Amino acid sequence: MKLKLLPLFLSFPILLFSQKFQRNTFEYEKLKSDHFAECDDNTNKELQNILVKIEENKSASAVSISQKLYENKNDCFGIFEIYGYSLFRNGKWLEGIDIIEKGIQKFGSVPELIKRKSDMSLEMAELGTSQKNIDGNSVFKADSLQYNEDQFKDENLRSALVDLEYLVKTYNRTEEIYYTAKIQQLLKDYQKSTETFKTLLDDEKFKNIASFNIADNYISLKDLNNAETELNKLLAENPKEPILYDKLTEIYELKNDKAKTTELGNKSIFYQNMPTDSDLQYSKENLELLQFFGSGENKAGKKLKKLQEISNQNNQQYTIDVCLMILKLHTNHGNGVEEKATEILKNIGKPAIEKVNNLFQSDVSTCTITNLADIMAKVKDENSWALMKQYLSSIATMPMTIIPPNLPEKMILFNEERGITEILTTVKPLLGQEQDNDDIFQAGGFGQYVYYSPLGKIKKEKLKKIATELKYTDKEFNLLQDKIK
């Protein structure tokens with residue numbers, strides 16, 4: 448009996464996977480209203496606090512609070528929007544969409560609800576059936592939604608397109624025009640996408656990205672000459688933009704021009720790994736230098752020797768650019784090369800700080816942030832201090848997948864009293880927070896220990912003095928002491 452039933456059990460998942468995913472569609476023109484029921488000031492304050500919970504990666508708490516509002520006072524569209532968004536950010540995608548749609552059914556074609564719905568649809572289309580972003584963490588679960596992957600993505604794109612086309616027709620906002628064109632592109636309607644992108648060519652904010660996507664559409668249509676013309680216009684204004692070289696590489700691959708393909712590919716690699724304000728221009732020599740420090744085949748001792756030779760040349764700007772290139776590359780972590788580059792920049796001091804500050808503001812690893820902050824602490828430039836202060840609070844909500852930078856320690860090295868003051872100001876609202884009962888997502892913000900670790904080296908009397916000036920209560924100071932231990 449059991450063996451005879453086995454094929455049925457084996458086929459059951461296949462039946463599940465073949466389910467067709469369908470989204471509700473609305474005739475927004477028929478749902479138009481002259482007045483949307485907005486929330487009162489007190490409710491708006493509550494909704495704003497819920498959004499703060501979401502930003503702090505505490506979606507379980509956001510769901511709990513917004514659900515009570517929804518159940519007891521669902522008389523304005525904002526409650527539907529924020530409750531639906533809270534569910535969505537907590538990984539309950541379909542439940543969140545359902546609440547947003549109920550809001551549309553109740554209040555009509557509210558632009559905030561339609562925009563939120565389109566944003567959710569785009570995220571679902573991007574991530575598919577096996578991944579969700581929950582509290583700052585990417586969570587993978589194979590086939591957690593029992594739908595065909597491609598059909599699921601396609602349906603969500605089409606749903607978002609309906610929403611955005613209505614918003615564009617009604618409000619003609621450039622951001623929504625851009626996303627409409629992008630979805631048309633993803634759905635392979637390249638001609639329509641190009642027409643839509645062309646309406647953005649006079650918009651200062653969107654003209655370059657529109658031109659780039661027009662070129663991308665031309666490539667898909669095999670109109671390579673027009674594609675190259677668009678990209679070369681962009682390249683004239685943005686000669687260090689690696690993605691432009693990537694797209695030109697695609698064109699020359701299609702033209703079977705191997706020499707040009709290789710050259711453009713090398714330029715892309717070079718500019719991807721070079722700080723944008725570097726004075727190092729693309730050349731065979733500079734590419735080889737990048738590859739030398741970026742390759743794992745060269746031993747650390749060989750790299751350290753080369754770096755010392757560069758430093759000994761007394762060409763200050765060249766040395767600064769090479770050291771910052773090494774820090775941006777982040778392929779020499781733990782072998783002493785990044786530490787050596789950091790030390791050289793600390794010794795150079797003020798002449799390097801502008802480029803150090805610029806790299807600090809770019810998309811670099813948290814380990815690189817630590818090294819740059821070490822240089823900032825030595826040079827003590829006020830622009831650096833402003834950047835460190837601005838970055839400090841972001842550590843509190845870093846997901847568990849990111850190693851937090853030792854920025855607080857470097858701020859104390861920069862200026863002990865000011866550093867302690869900024870750290871205590873940042874952690875004060877964190878001390879009394881309760882953990883969400885939400886399994887692994889409690890680990891979001893686990894890197895907060897870097898706030899407290901350097902405070903352990905400060906005399907208790909000094910901490911108490913600064914805490915008192917910041918109006919710490921005795922309870923808060925005791926909680927602080929517990930964190931430091």
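The working numbering applies: residue 448 is where the sequence shown begins, and numbers increase by one. Note that CB positions come from ideal geometry on N, CA and C, so glycine has one too. Predicted model, so just to flag it, every value in this text is computed and none were measured.
Between the beta-carbon of residue i and the beta-carbon of residue j, is there less than 8 Å?
{"i": "Ala788", "j": "Ile800", "result": "no"}
{"i": "Pro689", "j": "Leu614", "result": "no"}
{"i": "Lys639", "j": "Leu647", "result": "no"}
{"i": "Asn779", "j": "Phe740", "result": "yes"}
{"i": "Ile895", "j": "Ala843", "result": "According to the sequence shown, residue 895 is Gln rather than Ile. Contact: yes."}
{"i": "Val811", "j": "Lys775", "result": "yes"}
{"i": "Leu737", "j": "Phe717", "result": "yes"}
{"i": "Leu516", "j": "Glu493", "result": "yes"}
{"i": "Asn805", "j": "Pro722", "result": "yes"}
{"i": "Leu727", "j": "Asp768", "result": "yes"}
{"i": "Ile405", "j": "Thr813", "result": "Residue 405 lies beyond the residue range present for the chain, which begins at 448 and ends at 932; the question has no answer from this structure."}
{"i": "Thr627", "j": "Leu608", "result": "yes"}
{"i": "Gly752", "j": "Val784", "result": "It is Lys, not Gly, that sits at residue 752 in the sequence shown. Contact: no."}
{"i": "Trp832", "j": "Phe861", "result": "yes"}
Assign residue i to buried or exposed, taking buried as 16 or more other Cβ atoms, counted over all protein chains shown, within 10 Å of its Cβ.
{"i": "Ile822", "result": "buried"}
{"i": "Asn884", "result": "Only weak support exists for where Asn884 lies, its pLDDT of 49 falling under 50; the value from the coordinates is given anyway. So Asn884 ends up on the exposed side."}
{"i": "Lys714", "result": "buried"}
{"i": "Leu541", "result": "exposed"}
{"i": "Asn818", "result": "buried"}
{"i": "Tyr919", "result": "buried"}
{"i": "Gly796", "result": "exposed"}
{"i": "Ser556", "result": "buried"}
{"i": "Pro855", "result": "buried"}
{"i": "Asn660", "result": "buried"}
{"i": "Pro901", "result": "buried"}
{"i": "Gly550", "result": "buried"}
{"i": "Thr915", "result": "exposed"}
{"i": "Glu677", "result": "buried"}
{"i": "Tyr729", "result": "buried"}
Got a sec? Which residues, its chain only, sit under 7 Å from residue i by beta carbon, not counting five neighbours each side?
{"i": "Gly903", "result": "Ile931"}
{"i": "Asp724", "result": "Lys802, Asn805"}
Kindly list the residues whose CB is nearer than 8 Å to the CB of residue i, restricted to its own chain and excluding five residues on each side of it in sequence; keep chain order.
{"i": "Phe888", "result": "Per-residue confidence for Phe888 stands at a pLDDT of 45, beneath the threshold of 50, marking its modelled position as unreliable; the derived number appears in the next sentence. Asn504, Ser506, Ala507, Ile581, Asp582, Asn584."}
{"i": "Thr708", "result": "Thr696, Tyr699, Glu700"}
Quick one: residues in its chain with C-beta nearer than 6 Å to the C-beta of residue i, no 5 flanking neighbours on either side, listed in chain order?
{"i": "Phe535", "result": "Gly543, Met567"}
{"i": "Lys825", "result": "Lys793"}
{"i": "Ser513", "result": "Ile497, Ile529, Tyr530, Ser533"}
Mind reading off the beta-carbon distance from residue i to residue j? Whole number of angstroms is fine, and I expect it under 8 Å.
{"i": "Tyr898", "j": "Ile870", "result": "6 Å"}
{"i": "Lys694", "j": "Asp663", "result": "7 Å"}
{"i": "Ile666", "j": "Glu697", "result": "6 Å"}
{"i": "Ala484", "j": "Asp522", "result": "6 Å"}
{"i": "Pro852", "j": "Ile816", "result": "4 Å"}
{"i": "Phe599", "j": "Thr576", "result": "5 Å"}
Taking the continuous alpha helix (DSSP H) assigned at residue i, which residues delimit it?
{"i": "Asn519", "result": "506 to 519"}
{"i": "Asn925", "result": "921 to 931"}
{"i": "Val826", "result": "813 to 826"}
{"i": "Val803", "result": "797 to 807"}
{"i": "Asn489", "result": "488 to 502"}
{"i": "Glu677", "result": "671 to 684"}
{"i": "Asp522", "result": "Taken as a continuous stretch (DSSP letters only), Asp522 belongs to no alpha helix (DSSP H), as it is neither H nor E."}
{"i": "Ile897", "result": "Note that residue 897 corresponds to Val in the displayed sequence, not to Ile. Segment 896 to 899, the alpha helix (DSSP H) holding Val897."}
{"i": "Asp704", "result": "Here Asp704 belongs to no alpha helix (DSSP H), and DSSP marks it neither H nor E."}
{"i": "Ile767", "result": "763 to 776"}
{"i": "Lys652", "result": "Looking at the DSSP string, Lys652 is not in any alpha helix (DSSP H), and its letter there is neither H nor E."}
{"i": "Ile392", "result": "Residue 392 falls outside the range modelled here, since the chain spans only 448 to 932, and no answer is possible."}
Assuming residue i is part of the beta strand (DSSP E), what are its boundary residues?
{"i": "Asn580", "result": "578 to 581"}
{"i": "Asn595", "result": "Careful: Asn595 lies outside any beta strand (DSSP E) and carries neither H nor E."}
{"i": "Val586", "result": "584 to 587"}
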